[in-house]
Amino acid sequence: MFSRKYLQKLGRKIMAKILIVDDEEHIRYLYSEELSEAGYEVITADSGYRLLERIEKEKPDLVVLDIKMVDCNGLDLLQDIRNKFYNLPVVLCTAYDTFKEDIKSISADFYVIKSFDLTELKNRIAMALESCS
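Read in order, the letters of the sequence shown correspond to residues 263 to 395 in this note's numbering.
Structure below.
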C-alpha cells in the first residue's frame with residue numbers, strides 16, 4: 263500500500279483523514295460511516311487518553327472533538343491540541359450549545375451541535391479543510 267504523501271506526489275487526489283474523538287460508541291459509528299461514505303478516511307478514538315500521541319502517529323488532517331466525555335474535558339484537549347499542533351483544524355461537536363460561550367471554545371475552527379443529520383458537520387469539515395489547504 264502506498265503512503266498518502268507518495269500518492270499526493272503522483273498527483274492523485276487523496277481525501278482527508280479525519281480523527282473522531284467521542285466517548286459514545288454510536289456517535290463514533292455514525293460519524294465514521296457517514297464520513298467514510300463521503301470519501302474521507304476515518305479513524306476514531308473513544309477518549310482523550312494519549313490523544314496527542316495518537317495525533318502524532320496517525321497525522322489526521324482534521325479532528326472532530328466531543329466536549330463532554332467521561333474521562334476528560336474536550337475543551338482542555340482542544341487547548342492541548344492547539345499547543346502542539348497549532349494548524350490542525352478542530353471541529354468541536356457537542357450536544358450542548360452552552361459551551362459556545364466558553365472562552366476555550368474560541369480556538370476551535372468550528373462549533374457544531376450534535377445531530378443525526380450530519381449535513382452541518384460535513385459542511386464545517388469541508389470548510390475547515392478548504393481553509394487550511
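Every residue gets a Cβ at the ideal spot worked out from N, C-alpha and C, and that includes glycine.
**OP:** Within the region 278-348, note down every full alpha helix (DSSP H) run reaching 4 residues or more, in order along the chain.
**Re:** 287-299, 313-320, 336-346
**OP:** Would you kindly report the start and end of the unbroken alpha helix (DSSP H) that includes Ile387?
**Re:** For this step, residue 387 is matched to residue 125 along the sequence shown. 381-394 is the extent of the alpha helix (DSSP H) around Ile387.
Original post:
Between Leu324 and Ser367, is the Cβ-Cβ spacing less than 8 Å?
Top reply: Within the sequence shown, numbered from 1, the residue matching residue 324 stands at position 62. Within the sequence shown, numbered from 1, the residue matching residue 367 stands at position 105. The answer is no: Cβ separation not under 8 Å.
Original post:
Among Ser298, Gly301, Glu287, which one has its Cα closest to the Cα of Asn307?
Top reply: Working through the sequence shown from its first residue, we reach residue 307 at position 45. Inspection of the sequence shows that residue 307 is occupied by Ala rather than by Asn. Per the Cα distances, Glu287.
Original post:
Apart from the five residues on each side of it in sequence, which residues of its chain come closer than 6 Å, Cβ to Cβ, to Glu320?
Top reply: One-based indexing of the sequence shown puts residue 320 at position 58. Excluding sequence neighbours, Glu320 sits near Ile305.
Original post:
From the DSSP output, which residues share a beta bridge with Leu354?
Top reply: Taking the first residue of the sequence shown as 1, we reach residue 354 at position 92. Answer is Leu327, Tyr373.
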